[in-house]
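Written out below as structure tokens is the structure these notes cover.
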Amino acid sequence: MEKKPIIEMRGITKRFGQVAANDDINLELYCGEILALLGENGSGKTTLMNMLSGIYQPDSGEIYENGERIYIRSPHDAFLHGIGMIHQHYKLIEVFTAAQNIILGLDEEKMDLAKTNVRVKEICDRYGFEIDPARKVYDMSVSQKQTIEIVKVLYRGAEILILDEPTAVLTPQETQKLFNVLRNMKEDGKAIIIITHKLNEVMEVSDRVAVLRKGRYVGCVDTKDTDPQALTDMMVGHSVSLNIDRPRYEHPEKRLIVENLTCIDDEGVKKLDSVSFTAYSGEILGVAGISGSGQKELLEAMSGLYPLREGSIRFVNDDGSEKELAGLPPMKIRKAGVGMAFVPEDRLGMGLVGSMGMTGNMMLRSWKDGKGALLHKKDPNALAKKILEELDVVTPDVNFPVRKLSGGNVQKVLVGREISIGPAVLLTAYAVRGLDINTSYTIYNLLTEQKMKGVAVIYVGEDLDVLLELADRILVLCGGQVSGIVDARKTTKDEIGLLMTQFNSKEEKAHE
Amino acid sequence: MNTLVTLITAGITFGTVLMYGTLGEILTEKSGNLNLGVEGIMYMGGAFGLAGAFYYEKAAGAAAAGPVAIILALLAAFAAGCAASAIYSFLTITLRTNQNVTGLALSIFGTGVGQFVGELMRVKEGGYVALSNNLKNAFASSIFPKGLIDIPVAGPILFSHTIFFYMAVILAFAMWYYLSKTRSGMYLTAVGESPATSDAAGINITRYKYLATIIGGGISAIGGMVYIVTTAGCVWNHEGLSGVGWLAVALVIFCLWRPLNAIWGSIIFGSMMIMYLRVALPFIPTQLYKILPYVVTVIVLVITSMRNSRDKQPPASLGLNYFREER
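First to last, the protein sequences are chains A and B. In this text, residue positions in the first sequence follow this note's numbering: the first is 4, and each later residue adds one. In this text, residue positions in the second sequence follow this note's numbering: the first is 769, and each later residue adds one.
What follows is the structure, encoded as structure tokens:
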């Protein structure tokens, strides 16, 4: 018998400015199944689900529930239609108990926490959750907080649950627990969508997989009929030629030797795990990986911003002598005569001061120069003018607040400043994120130009096509570990795609 | 012993003023709005409250009744406080201006308006604004029979106060009940903790913020009126209120945003404020003595910032404006 979908999305399109986050997407969801929504970062998974949960409105396209067209204008509408979404960032009041959080916004006749506690317990027992309704949220672990979010949605009687990367913050054991709960809910007839980019989880828990790539719907397959290789192909797609100029540098030499770099974050999670590699002068070393695999920590650790647990970062001078940089703050690195330039991911947060003009931002690099208490504005001003001309920054004036410039111009100001110090090592994080094609090429050319000057460029990127054509070698990170370093001229997208996801599955197997 | 009883009794009189200011500000801050304009609001409450009673008496003449005057003074002060904090609410909630700057501006504005109205009344009435002894007594005397007040020790401490003190205590209990036992109180707390979460849960943030801030301002303003009709003896006095509003803001922190703590907290602070009049300490100049509450406030601020229990922290979104689109 043909099953009828409980939710059907037809021709959904959503644009943010020029960019189509979702382009003509069709999706069907049935009761009693777990659908995995798979795709790389920025492929539009979360955007699509946000439209189902009422946070965004589609620009065009239709949503049907049990064959009837519905309009979801707010999270409240979604809840009336039995749709509940568990976001990556939990929306909980920390000083409230679990039960208080669960009934927040539910205007029943009377507030009776004792009764709520009983009902919460019922739901927990039914699906195998373990939470104490009377416990305060600030006392809870991340996985318990997630549990509250799920129970909150179930308490409201949701039939359709959407989980946005639910396992990103969980330990393997907690992930197993979550999957068991999801299976129980499936048995109970609920329809579940999990957004993920972890292939092993897709294979383990889902019944069907829908794949998105760059905002487009690639296809939908039954999990039992597919394998990780096929899914990777669907996820990364075929190579697209971008024609980025990639000259070879004649005499590459060792510039930066990184050994056994290990970092642990505040919550005790290993963000970097024994990362070792060597960066050469005159080379662009691309860094690929699913977001949150340790890219940010790697760059910040190298520039002296992130505390190291262990490991060494040695800078090789032109005469072959080595200098240990591990544990030095940025100012000391600079004083040691190491030209380390850093173009961070968060341009206006970490890179530039938004309310200052170009000149002021230039001074952030040079305020220590010169003597006396007064600022020396002449040189930064000249530098700002030079960058403005050479990089074609569109701004009314060098003193115009950079916050008000477009993303591309902001990035030009930042890259221009970092290059101006004549660095020996240039670290860039998502240098072209949010930029249009032309500006992206300007940035690629700038980086290549630096490379040909003998700079060791480290380029963290998310677009594999770009990495394949821009970089000389590609380092792939997976779960904080280096899962491979490949020659960008010889490798393929598939190979990198597999490296990006492979380590997790290996680890998973080791657990079993 | 006698000195102590006098000190506590006088402390309660002054503490009542602080209690209104503090309770109002607790309600405001629970919604996540840090209204630093309490000083100005209390000034306005004082001036308008006195005006309410004064013009009522002028109109009614000898027939003026105490209870009516009390109600009118309360209403006038409350309305003035509501109006002042409505300006603050509109600026910070709707126009999303910086809460600190807006609050400070309101302090200056309210102080000015209060002074202006007070002085205007004074000049118009020929240099002196005061109520008749009849009404003064209505404002300043206890609601309990003389027999109770005459009980040694307990009498003066428990029963000798004006109606305003007992109202403030009832208000503190009512606010405690509201915040900890009712759904609406829970929602208000949620709004102050995390507007984004509350918004997602379908709570009308704007409404809660407006109502809490406006009513809170009204309650604070009553404190100013109580000062004028009790401590200041129903005479417009433009100096006595200065600093009281700031003390109330400090008390909110001292009380850990809990209404019941405001009862004893206000009395302690009130006692410290008037201690220099009642307990003479040798070698310490009065001027130094007078700064005692402020010194205590500083110490309390230091201690509170060292606390690490999450239950004793300020509302998490205090001082931050909420934009739905900003994620």
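Glycine residues also receive a C-beta, built at the ideal position from the N, C-alpha and C atoms.
The C-beta of Ser962 (chain B) comes closer than 8 Å to at least one C-beta of chain A. Around the beta carbon of Pro383 (chain A), a 10 Å sphere encloses 16 or more other beta carbons of the protein chains shown; the residue is thus reported as buried. Per DSSP, reduced to three states, the secondary structure at Ile938 (chain B) is helical.
Beta-bridge pairing by DSSP links Gly487 (chain A) to A:Val479. Among the residues facing chain A, Ile971 (chain B) is included, as its CB has a counterpart in that chain under 8 Å away.
With 16 or more neighbouring CB atoms inside 10 Å of its own CB, Met237 (chain A) falls in the buried class. With a threshold of 8 Å between beta carbons, Leu164 (chain A) makes no contact with chain B. When only Cα atoms are considered, Leu30 (chain A) and Gly960 (chain B) end up about 39 Å apart. In chain order, Met114 make up the part of chain A whose C-beta sits under 8 Å from the C-beta of Thr950 (chain B). With fewer than 16 neighbouring CB atoms inside 10 Å of its own CB, Trp1032 (chain B) falls in the exposed class.
Rounded to whole angstroms, Thr790 (chain B) and Leu1028 (chain B) show a C-alpha spacing of 11 Å. Per the coordinates, the alpha-carbon of Glu204 (chain A) lies some 14 Å from the alpha-carbon of Met503 (chain A). Taking 8 Å as the threshold, the shortest C-beta distance from Pro78 (chain A) to chain B falls below it.
Contact of Thr771 (chain B) with chain A is not assigned, every C-beta pair being separated by 8 Å or more. Per DSSP, the continuous beta strand (DSSP E) segment holding Ser277 (chain A) begins and ends at 273-283.
With contact defined as three or more Cβ pairs closer than 8 Å, the stretch 479-488 of chain A and the stretch 307-316 of chain A are not in contact. Interface residue (Cβ-Cβ distance to chain B less than 8 Å): Gln103 (chain A) is classified as such.
Under the 10 Å beta carbon count, Met954 (chain B) is surrounded by 16 or more other beta carbons and is classified as buried. Secondary structure at Gly14 (chain A): strand, using DSSP grouped into helix, strand and coil.
If you look at Asp967 (chain B), you'll find it isn't in any beta strand (DSSP E); it sits in the alpha helix (DSSP H) that goes 963-968. Beyond the five residues adjoining it in sequence on each side, Gln453 (chain A) comes within less than 8 Å, by CB distance, of Ile422, Pro426, Leu429, Val460 in the same chain, given in chain order. Under the 8 Å criterion on CB atoms, Thr965 (chain B) is classed as interfacial with respect to chain A. Nearest to Asp400 (chain A) by alpha-carbon distance, out of A:Thr178, A:Thr451, A:Gly363, A:Gly464, is A:Gly363. Here the stretch 1007-1018 of chain B does not lie against the stretch 916-924 of chain B, with fewer than 3 beta-carbon pairs under 8 Å apart. Runs of the beta strand (DSSP E) spanning 3 or more residues and lying entirely within the stretch 387-435 of chain A occur at 428-432, in chain order. C-alpha of Leu926 (chain B) to C-alpha of Ser799 (chain B): approximately 33 Å in a straight line.
The stretch 865-883 of chain B makes no contact with the stretch 975-984 of chain B: fewer than 3 CB pairs, one atom from each, lie closer than 8 Å. Only buried fits Leu939 (chain B), as 16 or more other CB atoms lie within 10 angstroms of its CB. For Val479 (chain A) and Ser146 (chain A), the gap between their C-alpha atoms comes out near 28 Å. Against Ala968 (chain B), the close residues of chain A are Pro78, Lys94, in the order they occur along the chain (beta-carbon pairs closer than 7 Å). In the DSSP annotation of this structure, the continuous segment of the alpha helix (DSSP H) that includes Arg368 (chain A) starts and ends at 361-369. Between Leu355 (chain A) and Val416 (chain A), the gap from beta carbon to beta carbon is short of 8 Å. When the five nearest sequence neighbours on each side are left out, the beta carbons in the same chain lying within less than 6 Å of the beta carbon of Thr784 (chain B) are those of Phe932, Phe933, Ala936, Val994, in order along the chain. Restricting attention to alpha helix (DSSP H) runs no shorter than 4 residues, the stretch 27-85 of chain A encloses them at 48-55, 78-83, ordered along the chain. Taking 8 Å as the upper bound for CB-CB distance, Lys189 (chain A) and Gly35 (chain A) are in contact here, some 6 Å apart.
Not a single CB atom of chain A sits nearer than 8 Å to the CB of Met1074 (chain B).
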